[in-house]
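Accompanying notes for the structure given below.
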Amino acid sequence: MARQKIKWLLFHEPAELFIRTAEDFQKHLDTLTNNKYEIEILTLTDYQNKYLDGLICDPFTELKEGKVQCSQLFSDHIGDYDATDFYALSMPYLFKDHDHASRVFEGEVGKDLFEHLYQKTKVRGLSFTYSGGYRCTASNTPIRSIEDFAGKTYSRWRNPVHADMIDMVGAKKVCRLTDTDVNWDEVNVTQTTYPRYVADAHKSQKYVTDTKHSMYVTSILMNDNFWSSLSAEDKEHFTKAGFLAARKERAQSVADAEEIKTSESKQNELGIAEVITWPEEEINKLKNLWSPLYDKYKDFFGNDILDKIKKI
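Throughout the sequence shown, residue numbering follows this note's numbering, covering 75 to 386 in sequence.
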């Protein structure tokens, strides 16, 4: 019997991080379904050239409309599509450690977030991935204390939490709606992760401060009509494949970040001149500075999500 073909559209860079996850998902799905499905893994450029005659598209819209069946998107971008509870995952110092994050993603809060996603967008969520893990701060001059942020220009996406975080350290926001609409000569600071450094940071931002201030989280998503077409058994198989692929991806992201953080040769390869580690006292000052955001956003997010995450 011919394998059923489905499209998996990649959106973010570096592409190899997301290809790795999609390939691992395919491996697990093959085992669970006896090779029933064949996933065509497509970068955004490849998809646009092959299926849209080079026209630019919005990946989330392609997924929602069923032109592709699977994707993996950044939680902030999911928040941009009215599933605003996903912005909560970028709250400063929300996760105690990676085990805490796993309990959140694999438990009731994770289910609640995906239900929120479905109610707002009619897109299904399968599992939570990192594609980077803990964030760090890239800058064109060293950031050795909170005071060093003052007056610096800091790139941001639409997430209002991050906008407030920038204001509270005394930096100036530079809105970044796409990867190409920023004049990098005017941007001093960018938040990123070690594995995503080359995708997020400009080459002039060669200093990396290990702030660990929030988590870069992505999610494996599915088109609702495709999901509804699956048998109950295959829904379980897709869910299991997503769970296994996500667990492996999060562990690999942690390992990737640690390798870059501790390897001078890796840093040289990426163009990182220095990794700056703050003393615990300075990290605690930053935590305290941003702590009022928890009161500000308590009622912005639904289902008491912030309190639930803290208690897990």
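The beta-carbon is built from N, C-alpha and C at its ideal position, and this holds for glycine as well.
Of the listed residues the options, nearest to residue i (C-alpha basis)
i, options, result
"Glu189", "Asp156, Ile350, Thr336", "Asp156"
"Thr292", "Val261, His86, Glu354", "His86"
"Glu307", "Thr107, Asp284, Ile357, Gln122", "Thr107"
"Leu117", "Trp231, Arg94, Glu355, Ile220", "Inspection of the sequence shows that residue 117 is occupied by Thr rather than by Leu. Of the listed residues, the one whose Cα sits closest to Thr117 is Arg94."
"Lys170", "Met289, Gln279, Asp132", "Met289"
"Ser434", "Lys382, His172, Leu129", "Residue 434 lies beyond the stretch modelled for the chain, which goes from 75 to 386, so this question has no answer here."
"Lys246", "Gln265, Lys226, Asp238", "Lys226"
"Leu147", "Ala320, Ala212, Lys372", "Ala320"
"Asp159", "Gln193, Glu139, Thr336, Glu90", "Gln193"
"Lys382", "Leu168, Asn362, Cys249, Gln122", "Leu168"
"Pro166", "Gly140, Arg209, Leu129, Pro353", "Arg209"
"Glu338", "Asp330, Ala329, Val349", "Val349"
"Val110", "Leu126, Ala76, Glu260", "Val is not the amino acid found at residue 110; the sequence shown has Lys there. The option with the nearest alpha carbon to Lys110 is Ala76."
Cutoff 8 Å; reference residue i; Cβ partners in own chain excluding five residues on either side
i, result
"Trp301", "Arg198, Lys309, Phe312"
"Leu344", "Tyr271, Val272, Ile334"
"Glu97", "Ile115"
Boundaries (first-last residue) of the beta strand (DSSP E) holding residue i
i, result
"Thr292", "289–297"
"Lys247", "246–249"
"Ser149", "No beta strand (DSSP E) holds Ser149; the alpha helix (DSSP H) holding it covers 149–154."
"Val282", "281–283"
"Ala212", "210–213"
Proximal residues to residue i (C-beta, below 6 Å), its chain only, five neighbours per side dropped
i, result
"Val142", "Lys81, Leu83, Glu136"
"Tyr161", "Gly153, Asn233, Val235"
"Leu318", "His102"
"Ala212", "Thr264, Thr266, Ala275, Gln279, Val282"
"Asn214", "Asn262, Ser278, Gln279"
"Gly244", "Phe223, Ala224"
"Lys138", "Val197"
Contact belief for residue i with residue j at Cβ below 8 Å, rounded distance in angstroms
i, j, result
"Leu200", "Ile294", "4 Å"
"His287", "Leu360", "7 Å"
"Tyr268", "Ile334", "4 Å"
"Phe92", "Ser164", "Not quite, the Cβ-Cβ distance comes to about 19 Å (not below 8 Å), so this is no contact."
"Asp284", "Thr351", "5 Å"
Extent of the continuous alpha helix (DSSP H) to which residue i belongs
i, result
"Leu191", "182–195"
"Lys79", "Not the alpha helix (DSSP H): Lys79 falls in the beta strand (DSSP E), residues 78–84."
"Gln122", "118–125"
"Ala89", "89–107"
"Leu129", "Note, Leu129: premise wrong, no alpha helix (DSSP H); not H, not E."
"Tyr228", "Where Tyr228 is concerned, there is no enclosing alpha helix (DSSP H), although the beta strand (DSSP E) it sits in stretches over 227–230."
"Ala273", "271–274"
"Tyr368", "367–370"
"Val263", "First-last for Val263: 263–266, but that is the beta strand (DSSP E), not the alpha helix (DSSP H)."
"Met239", "234–242"
"Lys384", "379–385"
Own chain partners of residue i with C-beta closer than 7 Å, once the 5 adjacent residues on each side are dropped
i, result
"Asn299", "Gly140"
### Task
Would you mind listing the beta strand (DSSP E) stretches within the region 296–355 that are 3+ residues and don't spill past its ends, in chain order?
348–350
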